[in-house]
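Engineer: 24 is the number that this note's numbering gives to position 12 of the sequence shown; each next residue is one higher, with no gaps. Handing you a structure now.
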Amino acid sequence: MSGMSGWEAEVSGREAVVSGREVVVVGVSGSLASLAALRAGAVQARRGGRVLVAVLAWEPPEGEGLYLRHPDPAWARHWYAEARGRLDRAFDEVFGGAPRGVVVERRVVRGRAGRVLCELAAHPDALLVIGARPRRHAARTHRYVHAHAACAVLTAPAPARPRGMRRTLRRMTAEDFALANQ
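Here it is as C-alpha cells:
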C-alpha cells in the first residue's frame with residue numbers, strides 16, 4: 013500500500029485483505045446499526061491487535077441488470093464517490109475521524125453487501141462485524157452473511173430509541189435542527 017492514498021488502495025476491490033495479519037471486517041452502510049458495528053469492530057480490532065477493514069458495498073440504484081443494458085461510467089463514478097463519502101461520514105460520526113490505536117483499511121466495493129463481506133472475510137481467523145436493525149426480520153445481507161461466512165460473525169445491535177422518538181425523528185427536517193442551534 014506504500015505510495016498509494018488510502019482510497020486508491022480499495023479501488024482494486026475484492027483482492028485479499030491485508031495479507032499475513034488477522035482482520036476485523038466491518039460492513040458499513042451509514043445506518044445506526046452499521047455505525048454501532050463500526051464502533052464494535054474498532055474495539056475488537058484494538059483488543060486483538062488486528063487490522064480494521066471497513067467495507068461499504070454499493071450497487072447502481074437501478075440494479076446491475078439495468079445498468080448492464082445502459083452502462084454509463086460517469087454515473088458509476090458518481091455512485092462510487094457517493095459511497096466513499098458515506099464511508100467517510102461514518103468514520104466522522106463514530107470516531108470524529110480515524111480511530112486511535114487501530115490500523116484501518118477503508119474499502120468501497122461494487123457488489124452485493126453480503127457477498128462482498130464474505131469474500132473479504134474469507135479467512136477462518138477473520139472476524140466479520142455487521143449491524144442488526146432493531147425489531148426487523150433479518151435482512152438479505154444478514155441472512156447471506158450468517159449462511160455463507162467462513163469466519164466468526166459478530167452482530168452489533170443498533171442503539172435503542174423509544175417508539176415516540178422514532179416517529180418524531182422521521183417527521184423532522186433539516187430546518188428543525190437548525191432552529192435548535194439558535
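Note that CB positions come from ideal geometry on N, CA and C, so glycine has one too.
1) In the DSSP output, what is residue 64 paired with across the bridge?
2) In angstroms with no decimal places, state the Cα-to-Cα distance between residue 171 and residue 120.
3) Could you tell me which residues DSSP pairs with residue 167 in its beta bridges?
4) Got a sec? Which residues, its chain only, sit under 7 Å from residue 124 by beta carbon, not counting five neighbours each side?
5) Measuring straight from C-alpha to C-alpha, what distance separates residue 142 and residue 81?
6) Alpha helix (DSSP H) containing residue 76: first to last residue?
7) Going by C-alpha distance, which of 118, 164, 159 is nearest residue 140?
8) Using CA coordinates, which residue listed in 167, 94, 134, 154 is at the minimum distance from residue 42?
Structural biologist: Taking the structure as given:
1) Within the sequence shown, the letter at position 52 stands for residue 64. Looking at the DSSP output, residue 64 shares a beta bridge with 36, 116.
2) Position 159 of the sequence shown holds residue 171. Position 108 of the sequence shown holds residue 120. Looking at the two C-alpha atoms, the distance is approximately 25 Å.
3) As a position in the sequence shown, residue 167 is number 155, starting the count at 1. Bridge partners of residue 167: 142.
4) Indexing the sequence shown from 1 puts residue 124 at position 112. Cβ contact annotation for residue 124 (same chain, cutoff 7 Å, sequence separation greater than five): 69, 71, in chain order.
5) Here the question's residue 142 lines up with position 130 in the sequence shown. Here the question's residue 81 lines up with position 69 in the sequence shown. About 32 Å.
6) Within the sequence shown, numbered from 1, the residue matching residue 76 stands at position 64. Segment 76 to 81, the alpha helix (DSSP H) holding residue 76.
7) The sequence position of residue 140 within the sequence shown is 128, counting from 1. Comparing Cα positions, the closest option is 164.
8) As a working note, residue 42 is residue 30 in the sequence shown. The shortest Cα separation from residue 42 among 167, 94, 134, 154 belongs to 94.
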